[in-house]
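Numbering (our numbering), first residue to last: 22 to 331.
Below is one structure, written out as structure tokens; the observations come after it.
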């Protein structure tokens, strides 16, 4: 009975994308995104499709098997519901890989950095460019988390307009979402295989089956929240920072709580976890400034409204 219950929950969290959604996914994966270089380094023009295929093949050549690749965050939300109020600023990719030791963490980082060489313009002498140089030129942020419950790393590639391409390599992660509306992940493997093997373009009558998942747990419920701009979460005390900054962001974008009574309790949990994680006033200020920079670039009025709500 326990196995049957687990299987039912897994099915509830999954859904097959329709043609409109697959078409939007294709647009996201094939859109050219600039990765801006510091100093005299040239801008790289990449597509998510190309960076995923390049990184995946080089990882597997290096002996690291990629279980699957997923589109995450607001880009996944945009694919599912076009005008959802969240926009499509961040371009988050998740690679599920095994990271048992420091060696694998280092290898993943080097593979990603070296893969950037493939996107340098013609005429650039690539022989003298080291991974360290590429990191200094194109990486906005490097994160490594290695605890009992969480083993993952993140490499964020720079974009001056806040559309950073973020490559996340996950062995294990305890908490994958803040709110139901940001809990969506779209499994890209079937579409990437189609790109590799088919000479025909995708069409309404000729495209692969693409699966979406809500790590919130119930896909239909989370999808309804996204369509109707509703705020819901589970156990916000588990979220670093309590989800407080994201919650205020949703409010300023005209989302409203799905349950007005429950949200009062959740707000208390959010605030207490935020002050536990960021007890120092200067740390709170830095966190807030970084959040505003990443999520409200060129939105001065929204930035003001956000601060008033917070």
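Glycine included, each C-beta is placed from N, C-alpha and C at the ideal position.
For clarity, every value in this text was computed on a predicted model and none was experimentally measured.
Query, Result
"Residues of its chain near residue 271, where Cβ-Cβ distance is below 6 angstroms and the 5 sequence neighbours each way are ignored", "252"
"Helix, strand or coil at residue 32 [DSSP, three-state]", "helix"
"C-alpha gap between residue 148 and residue 155, whole angstroms", "12 angstroms"
"Segment contact, 8 angstroms Cβ cut-off, at least three pairs: the region 103 to 112 with the region 235 to 254", "yes"
"Contact check, residue 263 vs residue 307, beta carbons under 7 angstroms", "no"
"Exposure of residue 27, with buried meaning 16 or more beta-carbon neighbours within 10 Å", "A caution first: residue 27 carries a pLDDT of 48, below 50, which makes its placement in the model too unreliable to give a value."
"Beta-carbon gap between residue 213 and residue 231 smaller than 7 angstroms", "no"
"CB-CB length for residue 198 against residue 166, believed under 8 angstroms", "Residue 198 to residue 166, Cβ: 16 angstroms. No contact."
"Classification of residue 25 by the beta-carbon crowding that lies within 10 angstroms, buried from 16 upward", "In this prediction, residue 25 scores a pLDDT of 46, lower than 50, which makes its location untrustworthy; the coordinate-derived value is nonetheless stated afterwards. Flag for residue 25 reads exposed."
"Residues that DSSP places opposite residue 171 in a beta bridge", "BP columns for residue 171 are empty, so no partner."
"Inter-stretch contact at 8 angstroms, needing at least 3 Cβ pairs: the region 36 to 43 / the region 222 to 231", "yes"
"Helix, strand or coil at residue 12 according to DSSP, with G and I counted as helix", "Outside the shown range of the chain, which is 22 to 331, sits residue 12, and nothing can be said about it."
"Buried or exposed (CB count within 10 angstroms, at least 16 for buried), residue 83", "exposed"
"For residue 55, three-class secondary structure by DSSP", "strand"
"Segments of 4+ residues assigned as alpha helix (DSSP H) that fall wholly inside the region 41 to 102", "69 to 82, 94 to 101"
"The region 184 to 193 contacting the region 110 to 126, beta-carbon criterion three pairs below 8 angstroms", "yes"
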